[in-house]
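Taken in order, these protein sequences are the chains called A and B.
Residue 299 in the numbering used here is what sits at position 299 of the first sequence, and the numbering runs on without skipping anything.
Residue 1134 in the numbering used here is what sits at position 134 of the second sequence, and the numbering runs on without skipping anything.
Here the structure comes first, spelled out in structure tokens, and everything after it is commentary.
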Amino acid sequence: MTAGPTGPLLLGVRHHGPGSARAVRAALDAAKPPAVLIEGPPEGDALLPLAADERMTPPVALLAHAVDDPGRASFWPMAEFSPEWVAIRWALDHGAPVRFIDLPAAHTLAMAGDPTWRDGEGEGADGGDAGEQRHGLRVDPIAVLARTAGYDDPERWWEDVIEHRATGAAPHGPPAGTGYDPVAVFAGLADAMTALRETYGHGGHDRDLVREAYMRLQLRAARKAHGDGVAVVCGAWHVPALAAGTTVTADRALLKGLPKVRTEITWVPWTHRRLARHSGYGAGIDSPGWYGHLFGAPDRPVERWLTKVAGLLRDEDRPVSSAHVIEAVRLADTLAAMRGRPLAGLTETLDAVRAVMCDGSDVPLGLIRDRLIIGETLGEVPDAAPAVPLQRDLTRLQRTLRLKPEAFERDLDLDLRKETDAARSLLLHRLRLLGVGWGEPAAGRGGTGTFRESWRLCWEPELHVRVAEAGVWGTTVLAAATAKAEADAGSAGALAEVTALAERCLLAGLSGALPVVMKALADRAALDTDVGHLAQALPALARSLRYGDVRSTDTAALGGVATGLALRICVGLPPACTGLDADGAAEMRGHLDAVHTAIRLLPDGGTEDVTGRWADVLGRLAGRDTVPGVIRGRAARLLLDDGRLPEDEAARLMGLALSPGTPPADAAAWIEGFVGGGGSNPGGGMLLVHDERLLGLVDAWLTGVPAEAFTDVLPLLRRTFSAYEPAVRRTLGELVRRDPAGGGPARAHTAVPGFAAGLDESRADAVLPLLRLLLGTHRGTPGDTEDTDDMRLGAGSGE
Amino acid sequence: MPAPTEATEEAVGTTGTEALRPHAEDAFAHELKALAAADDRPRPARWRLSPWAVATYLLGGTLPDGTVITPKYVGPRRIVEVAVTTLATDRALLLLGVPGTAKTWVSEHLAAAVSGDSTLLVQGTAGTPEEAIRYGWNYAQLLAHGPSRDALVPSPVMRAMSDGMTARVEELTRIPADVQDTLITILSEKTLPIPELGQEVQAVRGFNLIATANDRDRGVNDLSSALRRRFNTVVLPLPATADAEVEIVSRRVDQLGRSLDLPTAPEGVDEIRRVVTVFRELRDGVTTDGRTKLKSPSGTLSTAEAISVVTNGLALAAHFGDGVLRPGDVAAGILGAVVRDPAADRVVWQEYLETVVRERDGWKDFYRACREVSV
């Protein structure tokens, strides 16, 4: 297992291990192999020179995908601290030939789609074989070694024994030539792996046997071409297999009859976040930022790391001094000594940061985890890299939907009831979510139906770049948009952002992303203490529910969240309505209207419960003195409109609000709330026209307002009544002129409320044309009905 | 955590000493002795044990000679390790946590294991004077012979400094801010000047200080940032799992109930679990299944409060009910514990009722009982 004329230099590594990367570099520098072979898809050989391009910045990933099915893809992520990346760069810098020797992606992708080749866990998309350290079902070689050494955490064992030892000489200066053999650590590890594989065989990794056979064949070919000294960088697990003496025929036999698909391969930019374990195509490492730091720091990694942490905390306005850093370093080192570790690791430094810099709190640690331990590093790929599969998928969709990318602006009207148009709408909405602004929604052309949509299309050349950037999210437009929406939901700050996102998900038909978005929405709603935010969010949700119906999306989850939101509003609204100033009250009144409309739009399931509760809330608001007049009035009105408040009761409430004891300004506010035109309720004044009892009350109150207070309430009243339609204003004026104040209540006894005592013949006559129209005795154009205001009035009363 | 507290208090009663509650170093003398004998690791100056052995003393374990060390603290290992290491780096240690998280207990055992003496204690109250932290005077001596070291009455902190021991300050945040700040010189300069005599007491190697403070209590005197900087802070968490907490609550309720002659109903365990679940969910701001987030009320909702809710409920059930703990018996108690701030907490509680309790299977009775007392 050592370098020399007897055999190849086998460098078994942990994928993405900074210590392994350092050791690989040291070993390559020492051995100077004539060629470097790397565990990776051979299709990528042609792309290797790009790694030397100065615009190529890790983290990047090799992405192979099936030509016919971009959704079937496989990633080989590489960070700056990945041993594979270090080896590629070393070879390119030293002019040594470098090749990938793993089983071609053509086979692995085909095998992933072929049930007979599945390993049981069926994830061909798992880049490299970081997976072998993750799956509990398989034998985890590192975990076995760690357990043998008495460690409960395999990652920590690897860090202590391999990573830290390999860097052992590095932290405080360059390796001191004597006493440090850069190859020895690999030999030791190879021995351990050999022992493991003797016990466990292939450890449940069936496909590995095929891969290793292929690697052996490639290794033989390379030794023929470049001599015995070639170096191989591969997962430590494979080292014994590559060293094994098998025959060419046996290896060829293993490779017979492998399925194959046509594939393409390219470099795509990657991020540290995606390297982290929990994201989809994760590389199985928890702390890419920390690893990057370990690899990048020239010396004193702990001190430099804690200084970085202090810098971040300072940027976030936490007072952290150099004294804190000193104490944190001391604590971390002592902790490491007490735990018997050679060097303070991530756990120790975090414990130290928590105790010294964060007052024992875990909250700032979350920030550190996000920004430093995982990190936000974004890779870059030169333009020369082949197109990403997302672009191919887009081209394919553009072809099938007959939607050509054109540079000039044009309008597009879609009828969502047609299949092609619906698919086009989905595509445009998805692209918008991905930040590819090909189409912008335009104001609808006349039609207000929810099945119509208008777009303004314009394909700018830079959109190609946008598509390439969006390539990190996935290989198809659908998958990428789903992943992007999910990520957005996680990072959205305000509740309204998430509701807007939910709406966009529905428009874009991303039912896959909805559960995540809904979860984010429910979480935000639960934690938001401002009823105003909840009230703003509800209408969008209710709207989304309606869209969902049009597009036959499954909106059950959405309905559940909306109902939950409505319940929260019911609980939180009454306390939020007290102690408001005039502006606050006006805003809250808007919320009241919006929520009221939204609640009526909620689906039937559970609605009776919600509407009942909402009516309770309105009733409580209407009757509570500490609630501003405008809200009380509005609540009473909403109840009255819904038929939940008897008219007598409404009159009683109004009498109460307008009684002489109430300050005039308050009473005027009540009137505004009760009869004022809301945005959704332009016909507020109609009520006064029809219920003369109420009009009488208003009239009586108004004439009773003392002169000095009148100027105060005048603006309020003007605001209320000027919003009425001219016809309503005129009618009201006529009514008041005819009925002097005080006449109203008296007349209520002699006539039906809402009707005058005698017959007004001119008004009665005015109804006749409409009646004729309704009965079909006279065919007029629809315009006729809008001719006179009185007609409309008649139509209104007929409803 | 309270569990070991109770367990050991019982154990202490049977050790045969005269004291009602012997000090930790006496009660566990044999364990400390065995640890010291088995301990071959380097010890900081004047430490009775190595940091490793101190951690073992607190977390429990079995020594090579077969001596079993009982766990004094049941909780994350990390916390004890950081606490012990802090003391070893001569930084002062601040133990934070809500009431009932065994802060005092941990501090006492740390002092006992490190210095073999847990009695150098300053109890913090709103009325703690500066003398309690620095020094006082024996006025008879002072008047008779004038100022001298003989007339000086050293505080526990001063004694710890001159002997290189571990001093303890309980409830640091209850001490008035100006008195707190006398600790700054002691912790940063490691010296205590006596201007009246023109002298000073310099801390000897091995001196350190453990303070405890309650981080959720109202009306505490927050530490100045100058003082806070001298401490490494360790937060002691509430019980990690619901089962552990139910266990603690049931055991404690049982003990309390016996002393109050309340009948204990085995059927009550379901209700105890429910109380603990409500407390934990509201405290953590998330439901047990991890699906729904919740707002947290302003109260602490500590384990100790859960215990008192259940005890109250038992008393209600025994004296006014049928002796079985029912939802109605605990509902009012829970409401009282949760709703501390009448405006904000009421909203939190009602949201919880409507969005979580109402939907839950088998919680109908409880929901109804809570609605009854809430409205």
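In this text, a Cβ means the ideal position worked out from N, Cα and C, and glycines have one as well.
Subject >> Contacting residues, own chain, Cβ-Cβ under 6 Å from G1013 (chain B) (five flanking each side not counted) >> reply: Any reading at G1013 (chain B) is ruled out, since the residue's pLDDT is 40, under 50, leaving its predicted position unreliable.
Original post:
For N1138 (chain B), which of helix, strand or coil comes out of DSSP?
Top reply: coil
Original post:
Relative to the C-alpha of E54 (chain A), which residue among A:V713, A:T499, A:M686 and A:G379 is closest?
Top reply: A:G379
Original post:
Among B:I1175, B:I1186 and B:V1153, which one has its Cα closest to the Cα of A1167 (chain B)?
Top reply: B:I1186
**OP:** Return the residue from the list A:E43, A:A146, A:D68 and A:R392 that minimises the CA-CA distance to V477 (chain A).
**Re:** A:R392
Original post:
Quick one: does D1163 (chain B) have its CB under 7 Å from some CB of chain A?
Top reply: no
Subject >> Within chain B, partners of G360 (chain A) - CB distance below 7 Å >> reply: L1096, T1233, V1234 and V1235
**OP:** Look at the alpha carbon of P1176 (chain B) and the alpha carbon of S1155 (chain B), and state the distance between them as a whole number of angstroms.
**Re:** 17 Å
Subject >> Coarse secondary structure for F100 (chain A), derived from DSSP in three states >> reply: strand
**OP:** Please check if any C-beta of chain B sits within less than 7 Å of the C-beta of M111 (chain A).
**Re:** no
Subject >> Cutoff 8 Å; reference V736 (chain A); Cβ partners in own chain excluding five residues on either side >> reply: L695 and D699
Subject >> Reference N1022 (chain B); option with closest CA among B:L1110, B:P1051 and B:S1118 >> reply: The residue you asked about is not Asn; residue 1022 (chain B) is Pro in the sequence shown. Per the Cα distances, B:S1118.
Original post:
For the candidate residues B:F1366, B:R1229 and B:A1034, whose alpha-carbon lies nearest to that of P319 (chain A)?
Top reply: B:R1229
**OP:** Have a look at the DSSP bridge pairing and note the partners of H596 (chain A).
**Re:** For H596 (chain A), which the question treats as bridged, DSSP gives no partner whatsoever.
**OP:** Determine the closest residue to D523 (chain A) out of A:G564, A:A500, A:R262 and A:R504, with distance taken between C-alpha atoms.
**Re:** A:G564
Subject >> Nonlocal neighbours in the same chain, by C-beta distance under 8 Å from T307 (chain A), ignoring five residues either side >> reply: V325
Subject >> Cβ distance (whole Å) where T973 (chain B) is taken to contact E1108 (chain B) below 8 Å >> reply: Summary: the structure shown does not reach residue 973 (chain B), with chain B confined to residues 1001 through 1375, and so no result is reported for it.
Original post:
Would a check of beta-carbon distances place E1281 (chain B) closer than 7 Å to chain A?
Top reply: no
Subject >> Contact set for G296 (chain A): own chain, Cβ-Cβ below 8 Å, skip 5 residues either direction >> reply: E80 and F81
**OP:** Could you name the residues of chain B that L331 (chain A) contacts, counting a contact when the two beta carbons are closer than 8 Å?
**Re:** V1082, T1085, T1086, T1089, R1091 and N1232
**OP:** With 8 Å as the C-beta to C-beta threshold (strictly closer), list the residues of the region 1046-1069 of chain B near chain A in chain order.
**Re:** P1051, W1052 and A1055
**OP:** Note the first and the last residue of the continuous beta strand (DSSP E) segment covering P1064 (chain B).
**Re:** No beta strand (DSSP E) contains P1064 (chain B), which DSSP labels as neither H nor E.
Original post:
So, is Q218 (chain A) buried or exposed, given that buried needs 16 or more other C-beta atoms within 10 angstroms?
Top reply: buried
**OP:** Quick one: give me the first and last residue of the beta strand (DSSP E) that H65 (chain A) is part of.
**Re:** V60 to A66
Subject >> Distance, H533 (chain A) Cα to A525 (chain A) Cα >> reply: 8 Å
**OP:** Starting from G564 (chain A), find everything on chain B with Cβ-Cβ shorter than 8 Å and list it in chain order.
**Re:** T1355
Original post:
For Q133 (chain A), which of helix, strand or coil comes out of DSSP?
Top reply: Per-residue confidence for Q133 (chain A) stands at a pLDDT of 36, beneath the threshold of 50, marking its modelled position as unreliable; no derived number is given.
Subject >> Three-state class that DSSP yields for V1201 (chain B) in the structure shown >> reply: strand
**OP:** Could you give the DSSP three-state label for E1196 (chain B): helix, strand or coil?
**Re:** coil
Original post:
In whole angstroms, what is the alpha-carbon distance linking T148 (chain A) and D1254 (chain B)?
Top reply: 45 Å
Original post:
When the cut-off is 7 Å and only beta carbons count, does L645 (chain A) lie next to chain B?
Top reply: no
Original post:
Taking C-beta to C-beta, are V232 (chain A) and L47 (chain A) nearer than 7 Å?
Top reply: no
Subject >> Where I1175 (chain B) sits in the DSSP three-state scheme >> reply: coil
**OP:** Please say whether P1099 (chain B) and A1304 (chain B) have beta carbons closer to each other than 7 Å?
**Re:** yes
Original post:
Are the C-beta atoms of L1187 (chain B) and some chain A residue less than 7 Å apart?
Top reply: no
Subject >> Residue environment, G440 (chain A), which counts as buried when at least 16 other CB atoms sit within 10 Å >> reply: A small fix is needed here, since residue 440 (chain A) is Glu in this sequence, not Gly. Exposed: under 16 other Cβ atoms inside 10 Å.
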